[in-house]
Amino acid sequence: MVVWTEFASPIGPIRLYSWRRGLLGLVLPGSNAAQLESRIEQQLGASGKITIVPGESDALLAHAVQQLAEYFAGARERFDLSLDLWGTPFQLRVWELVQAIPYGQTRSYAALARDLGRPRAARAVGAAVGANPLPIVVPCHRVVGTHGELVGYAGGLACKAWLLAHERATRIIST
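Quick note: the sequence shown uses this note's numbering, first residue 4, plus one each step.
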């Protein structure tokens, strides 16, 4: 059984999904929850029917909500959650690189393609970033165009700009 909950964030309501192996989806305000739910059912329902129900008492979701609250309060730069990411080997590698982008910093699609050893694959990297089921947690908002321009984001460019400005304003400086 897949469970979900909603978190009231400064950018609007965020819906989180989990199941026994970890957090598997996050829907930003203005994004389509039904689209992610369909993808979850397609991925997990191969062995039978998957039910998706509210799960306010789910420990993993409660932990995720707590970490998101800390992130939005400027007290958390990295998430420490069990994730259940599913995608192609290429997508998984891209998402791994995205998770390594430091808080408050950005990387271009082209730079990520070079990091993968595939310098001509910036568009493929963009497609993989666009398929990320866990925005914010896998911080795809930190991926920008070659010249730093904001391009593509599931929650819209205003949301992406807000998240980047929030991170720049709240970056924790260690001494």
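The beta-carbon is built from N, C-alpha and C at its ideal position, and this holds for glycine as well. Here the structure is a predicted model, which means the values were calculated and not measured.
Rounded C-alpha distance that separates residue i from residue j
{"i": "Leu137", "j": "Val30", "result": "8 Å"}
{"i": "Arg145", "j": "Val132", "result": "10 Å"}
{"i": "Tyr156", "j": "Ser60", "result": "30 Å"}
{"i": "Val56", "j": "Val97", "result": "30 Å"}
{"i": "Ala103", "j": "Arg110", "result": "10 Å"}
{"i": "Pro32", "j": "Leu167", "result": "16 Å"}
CB-CB length for residue i against residue j, believed under 8 Å
{"i": "Ile14", "j": "Gly158", "result": "7 Å"}
{"i": "Arg81", "j": "Glu73", "result": "Actually they do not touch by this definition, with Cβ atoms about 10 Å apart."}
{"i": "Leu95", "j": "Asp118", "result": "Not really, about 14 Å apart at Cβ, beyond 8 Å."}
Contacts around residue i, its chain only, beta-carbon distance under 7 Å, and the 5 residues preceding and following it disregarded
{"i": "Thr173", "result": "Gly77"}
{"i": "Leu64", "result": "Val6, Thr8, Leu19, Ser21, Gly58"}
{"i": "Glu170", "result": "Tyr106, Gly107"}
From the options, residue whose alpha carbon lies closest to that of residue i
{"i": "Pro142", "options": "Ala67, Val68, Lys163", "result": "Lys163"}
{"i": "His66", "options": "Val140, His150, Ala161", "result": "Val140"}
{"i": "Val128", "options": "Ala161, Gln45, Thr91", "result": "Thr91"}
Contact set for residue i: own chain, Cβ-Cβ below 6 Å, skip 5 residues either direction
{"i": "Gly25", "result": "Ser85, Leu86, Asp87"}
{"i": "Phe10", "result": "Ile17, Val68, Leu71"}
{"i": "Ala36", "result": "Arg18, Val30"}
{"i": "Thr149", "result": "Ser111, Ala113"}
Neighbour-count burial assignment, residue i, 16 or more Cβ in a 10 Å radius
{"i": "Gly28", "result": "buried"}
{"i": "Ala124", "result": "buried"}
{"i": "Leu39", "result": "buried"}
{"i": "Ala116", "result": "buried"}
Same chain, Cβ closer than 8 Å to residue i, five either side skipped, listed in chain order
{"i": "Ile53", "result": "Met4, Val5, Ile43, Glu44, Leu47"}
{"i": "Ser201", "result": "Given that the chain is displayed from residue 4 to residue 178, the structure contains no residue 201 and the question cannot be resolved."}
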